[in-house]
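Everything in the sequence shown is counted per my numbering, starting at 978 for the first residue and increasing by one.
Don't be surprised by glycine CBs; every beta carbon is placed ideally from N, CA and C.
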Amino acid sequence: PPMAYSLYTKHLRVNPSQPNWINRDRFVLSAGHGSMLLYALLHLSGFEDISIDEIKNFRQWGSKTPGHPEYGHTVGVDVTTGPLGQGISMAVGLAQAERFLAAKYNREGYPIFDHYTYVIAGDGDFMEGVSGEASSYAAKQNLDKLIVLYDSNDICLDGETNDAFTESVRARYDAYGWHTILVEDGNNIEAIGLAIEEAKAAGKPSLIEIKTVIGYGAPTKGGTNAVHGAPLGAEEATATRRALNWGYAPFEVPQEVYDDFKENVADRGEAAYV
């Protein structure tokens, strides 16, 4: 989705040729069931572990693209995620670690540690108590390099989220003491980028709620739970390609897409690498 594209190409600081760079930004896909998004981003960004063949082997035994991201199994994955809410909590720990390392090792003019921790989380992540407890702690510690992008599509596996969950997540995070931002159009890349820049300057942990449409572009299943963790099906996939004006064959990636990611992810990360 546009939020992931904006994050990877404009903000996230990683170097695919040096995946263990100690001061890289950390990215946590708390909604781990969306793992194919992460694998696609890693592939396009130039992480050699994720070839197009590995993309084709998604969820197959022995592949580098398991159903949920696994740290230590796939290069470029910073955290193993699966149970909802835990990714947010682990991100709080990563942000706390950055704070500790910066305090211990940084010297004036030598910011050895100054990286951000970014999260993409979905509605289900905020239904879990573990994310709330960790987020309260993050506010108390003022972990200002922690930025959570909330994929707010109002849909869960069973249907609409308001069937079981009616609270305002943004209001709750306001109460914790976070800086909160609303982006009303999840396809507005510029607005998402401006929100991330605002979050970086906020001086406290930030939650960016981004209103999205699940299955955007799917003519009959978009905006419904029918696309939550399930294939579109051949007919709907064809119709979606037509609706999005995507005329390429399956697994065919235009060269200009690779060029865009090389310039804005790999080259930018290489320039920042020290």
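Could you say if the stretch 1084-1097 and the stretch 1117-1128 meet the contact criterion of at least three C-beta pairs nearer than 8 Å?
yes
Short of 8 Å in beta carbon distance, which residues of its chain neighbour Ile1132, apart from the five on each side in sequence? Order them along the chain.
Asp1100, Thr1138, Ile1191, Gly1200, Thr1201, Asn1202, His1205
Which of helix, strand or coil does DSSP assign to Gly1206?
coil
Using beta-carbon positions only, say whether Val1054 and Pro1046 come within less than 7 Å of one another.
yes
Close-in-space but distant-in-sequence residues of the same chain around Leu1159 (CB under 7 Å, 5 per side omitted):
Arg1147, Glu1186
Straight-line gap, Val991 to Ile1166 (C-alpha atoms, nearest Å):
20 Å
On the premise that Leu1221 lies in contact with Gly1194, defined as a C-beta separation below 8 Å, what is that separation, rounded to the nearest angstrom?
5 Å
Count the other C-beta atoms from every protein chain shown that fall within 10 angstroms of the C-beta of Ile1027, then say buried if there are 16 or more, exposed otherwise.
buried
Residue range of the beta strand (DSSP E) that Tyr1127 falls in?
1123-1129
How about Ala1008 and Val1069: are their beta carbons less than 7 Å apart?
no
So what does Leu1006 bridge to, in DSSP terms?
Ile1097
N-terminal and C-terminal residue of the alpha helix (DSSP H) that His1045 is part of
Segment: none, His1045 is in no alpha helix (DSSP H) and carries neither H nor E.
How far does the alpha helix (DSSP H) with His1020 in it extend, from its first residue to its last?
1012-1022
Who are the Cβ neighbours of Asp1135 in its own chain at under 7 Å, not counting the five residues just before and after it?
Asn1202
May I ask which residues mark the beginning and end of the alpha helix (DSSP H) holding Ser1108?
1106-1117
From Phe1142, Val1234, Ala1074, pick the residue whose C-alpha is nearest to that of Leu1021; which is it?
Val1234
Cβ-Cβ distance between Ala1243 and Pro996 below 7 Å:
no
Nonlocal neighbours in the same chain, by C-beta distance under 7 Å from His1010, ignoring five residues either side:
His1045, Gly1206
Identify, in the order they occur along the chain, each residue of the same chain with its Cβ nearer than 7 Å to the Cβ of Tyr1250, setting aside the five sequence neighbours on each side.
Asn992, Gln995, Trp998
State the DSSP-derived secondary structure class of Ser994, mapped to helix, strand or coil.
coil
Complete runs of the beta strand (DSSP E) confined to the stretch 1174-1205 [at least 3 residues]:
1183-1188
Between the C-alpha atoms of Arg1084 and Asn1119, what's the straight-line distance to the nearest angstrom?
21 Å
Contacting residues, own chain, Cβ-Cβ under 8 Å from Tyr1048 (five flanking each side not counted):
Val1054, Asp1055, Val1056, Thr1057
When you compare only the Cα positions, how much space is there between Leu984 and Asp1128?
13 Å
Using only alpha-carbon positions, find the residue among Leu989, Ala1017, Val1005 that is nearest to Pro978.
Ala1017
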